[in-house]
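Below: one structure, written as structure tokens.
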Amino acid sequence: MGDTAEFSMTIDGKAVPMLAGFDVLNPATERVIAVAPAATPVQLDEAVASARRAAQAWAGLTLQARQQYVVRIGETILANLEELAQLLTQEQGKPLARARWEVERAAFWCTEMARVELPMETVRESATEQVRILRVPLGVVGGIVPWNFPLALAMWKVAPALITGNTMVLKPSPFTPLTTLRLGELLRDVLPTGVLNVISGTDALGPLMSAHPGIDKLSFTGSTQTGRAVMASAAVNLKRLTLELGGNDAAIVLADADVEAIAPALFWGAFANSAQYCLAIKRLYIHEDIYDRLAQALVTLAQETRVGPGDMEGVQLGPVQNYRQFERLKALLEDTRSAGYRILAGGDVPEGSGYFFPVTLVDNPPDTARVVCEEAFGPILPLLKFRAVDEVIARANDSEYGLGGSVWGRDEEAAMEVALRLNTGTVWVNQIHTIGPDKPMAGHKQSGVGIENDVDGLLEYTVPRTVSLRRSQ
Numbered sequence: 001m002g003d004t005a006e007f008s009m010t011i012d013g014k015a016v017p018m019l020a021g022f023d024v025l026n027p028a029t030e031r032v033i034a035v036a037p038a039a040t041p042v043q044l045d046e047a048v049a050s051a052r053r054a055a056q057a058w059a060g061l062t063l064q065a066r067q068q069y070v071v072r073i074g075e076t077i078l079a080n081l082e083e084l085a086q087l088l089t090q091e092q093g094k095p096l097a098r099a100r101w102e103v104e105r106a107a108f109w110c111t112e113m114a115r116v117e118l119p120m121e122t123v124r125e126s127a128t129e130q131v132r133i134l135r136v137p138l139g140v141v142g143g144i145v146p147w148n149f150p151l152a153l154a155m156w157k158v159a160p161a162l163i164t165g166n167t168m169v170l171k172p173s174p175f176t177p178l179t180t181l182r183l184g185e186l187l188r189d190v191l192p193t194g195v196l197n198v199i200s201g202t203d204a205l206g207p208l209m210s211a212h213p214g215i216d217k218l219s220f221t222g223s224t225q226t227g228r229a230v231m232a233s234a235a236v237n238l239k240r241l242t243l244e245l246g247g248n249d250a251a252i253v254l255a256d257a258d259v260e261a262i263a264p265a266l267f268w269g270a271f272a273n274s275a276q277y278c279l280a281i282k283r284l285y286i287h288e289d290i291y292d293r294l295a296q297a298l299v300t301l302a303q304e305t306r307v308g309p310g311d312m313e314g315v316q317l318g319p320v321q322n323y324r325q326f327e328r329l330k331a332l333l334e335d336t337r338s339a340g341y342r343i344l345a346g347g348d349v350p351e352g353s354g355y356f357f358p359v360t361l362v363d364n365p366p367d368t369a370r371v372v373c374e375e376a377f378g379p380i381l382p383l384l385k386f387r388a389v390d391e392v393i394a395r396a397n398d399s400e401y402g403l404g405g406s407v408w409g410r411d412e413e414a415a416m417e418v419a420l421r422l423n424t425g426t427v428w429v430n431q432i433h434t435i436g437p438d439k440p441m442a443g444h445k446q447s448g449v450g451i452e453n454d455v456d457g458l459l460e461y462t463v464p465r466t467v468s469l470r471r472s473q
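Set out below in structure tokens:
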């Protein structure tokens, strides 16, 4: 793909002219690969109006009909897998194999969410009365998608919104708009007009969506700081919200853990997608009896892992996705160095083009260190010693975040006891990142509002309607 690549927004089932644009960079080269359209406020209004016009007819279809449309979205994604994966690697930076995985995962999410049944509850059925609870769509849903998994997380929003009878305006991150725009183009002949509108823009577009009176619900994935701003602006029309926000996930490795067996799972649980993952391990607590052994195993894995451009053969981790995040990570590394904390692996940011950041392990910094307290969202990980179980649980829970966590140990009952005391929405025991459409995910504390996936996730896109009938005698 060269500098002349062109992409268009999809509003009312057709391409719309680019009235303004912004550059999209390849994070491995820092070169402009495309100019993406920047939606104007008028174009946002047009997208919302299109979704509103389509809403009644779409909600009037049977659940099964809407499910089949969502299955067709998944089929369209798979039919264009290689094109979408290549594009995803160019704009996001991840290795091509991982980009293909993400595209496949997006299609899988459509197929599997389409199998989930929307419940209808009969509260009372008698000779004199019938009371039923129906779940009806909210109307127009706005979706704002982050740059770490642009296609997969878009489908986390599109699939449940459409299945439940809502229409949608979808906005990808300005750092990674191209794959989503291309999917919008591919779906013009798949979905009825106006059901899915795909627009793109700079950071100014998000606040316009969250405050837009024509959007009934907003589903946002991003930082906690931005989530707070979304919640404040959405109050203008009491907009329903699903907010999947930040995390500072702790992994706890108990004294009886099998170091050699779990080291790879811990390493990739921390560093997959260059650690740009809300559920990545960001604090790794290791019992003092096995700390040195596990630290050395992780150092070896870090030294063996190949970092480079995502389209290069054999690369396992790509660059950090954007300059803003790259600079933030460098500042975090500089703070770690200036505080005198020991770096076990990595720590030397290469010169030259591309936002490449080495896999970096920090040796037992204090809990007050920035590298421990803050969500790095990049490949720098503190290894932290602990002695007592009660102590490490208290330390792990001492965070404003509560997204996910994991516990590792041979004694499954003991590990489970620890897991049940972690104040997070998702907890894994001797595994990590086994996420699925059938597993509800909810952030605790400052990690989010609402639920994603499975029937609970579907219900987030509906409102109950209680229908009571008095039977004639």
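The numbering of the sequence shown is UniProt numbering, which starts it at 1 and goes up by one.
Where a beta carbon is used, it is the ideal one built from N, C-alpha and C, also for glycine.
If I measure Cβ to Cβ from residue i and keep anything under 8 Å in the same chain, skipping five residues before and after, which residues do I get?
i	result
residue 2	Caution applies to residue 2, whose pLDDT of 42 falls short of 50 and renders its modelled position unreliable; the model cannot decide the point.
residue 4	In this predicted model, residue 4 has a pLDDT of only 49, less than 50, meaning its place in the structure is not dependable; the value taken from the coordinates is given anyway. Answer for residue 4: no residue qualifies.
residue 416	407 and 429
residue 387	287 and 288
residue 343	336, 337, 360, 361, 362 and 363
Find out if the Cβ-Cβ distance for the pair residue i, residue j is shorter than 7 Å.
i	j	result
residue 28	residue 309	yes
residue 470	residue 129	yes
residue 156	residue 175	no
residue 181	residue 218	no
residue 450	residue 423	no
residue 36	residue 200	yes
residue 405	residue 249	yes
residue 437	residue 18	no
residue 173	residue 210	no
residue 375	residue 246	yes
residue 225	residue 377	no
residue 382	residue 366	no
residue 188	residue 467	no
residue 297	residue 281	no
residue 446	residue 400	yes
residue 325	residue 93	no
residue 285	residue 205	no
residue 143	residue 215	no
residue 458	residue 71	no
Cα-Cα, which of the options is closest to residue i?
i	options	result
residue 258	184, 276 and 289	289
residue 212	194, 448 and 235	235
residue 395	403, 379 and 373	373
residue 39	16, 76 and 379	16
residue 323	354, 95 and 344	354
residue 178	350, 89, 57 and 214	89
residue 473	442, 127 and 79	127
residue 77	375, 206, 111 and 269	111
residue 291	398, 418 and 362	362
residue 329	342, 312, 340 and 347	347
residue 198	44, 243 and 320	44
residue 379	74, 319 and 123	319
residue 460	220, 214, 327 and 227	220
residue 73	94, 141, 184 and 6	184
residue 421	263, 434, 56 and 391	391
residue 369	255, 261, 341 and 350	341
residue 208	108, 229 and 261	229
residue 256	186, 442 and 414	414
Using a threshold of 6 Å, is the CB atom of residue i nearer than that to any non-hydrogen atom of the ligand NAD?
i	result
residue 268	What this structure holds is no ligand at all, so the ligand NAD is not there to describe.
Which whole-angstrom value is the C-beta distance of residue i and residue j, which I expect to be below 8 Å?
i	j	result
residue 408	residue 252	7 Å
residue 191	residue 69	6 Å
residue 265	residue 169	Actually they are not in contact, since the Cβ atoms of residue 265 and residue 169 sit about 39 Å apart, beyond 8 Å.
residue 119	residue 135	7 Å
residue 418	residue 393	6 Å
residue 167	residue 145	About 17 Å; that fails the 8 Å criterion.
residue 244	residue 452	6 Å
residue 158	residue 196	7 Å
residue 263	residue 294	6 Å
What residues in its chain sit with their C-beta under 7 Å from that of residue i, if we drop five residues either side in the sequence?
i	result
residue 456	440
residue 31	25
residue 67	114 and 163
residue 193	12, 13 and 54
residue 525	Outside the shown range of the chain, which is 1 to 473, sits residue 525, and nothing can be said about it.
If I measure Cβ to Cβ from residue i and keep anything under 6 Å in the same chain, skipping five residues before and after, which residues do I get?
i	result
residue 81	103
residue 20	38
residue 59	137 and 165
residue 345	299, 302 and 361
residue 106	77, 151, 152 and 155
residue 306	314, 315 and 316
residue 121	133
Exercise. Quick one: which unbroken alpha helix (DSSP H) runs of 4-plus residues sit fully inside the stretch 376–453? Chain order, please.
Key: 389–397 and 412–419
Quiz item: Which parts of the stretch 122–148 are runs of the beta strand (DSSP E), unbroken and 3 residues or longer, counting only runs that do not cross its ends?
Solution: 129–137 and 140–144
Quiz item: In the stretch 146–198, which residue ranges form an unbroken alpha helix (DSSP H) of at least 4 residues, counting only runs that do not cross its ends?
Solution: 150–163 and 178–186
Practice problem: Jot down the residue ranges of each uninterrupted alpha helix (DSSP H) in the stretch 191–245, minimum 4 residues, whole runs only, in chain order. | Solution: 205–210 and 224–234
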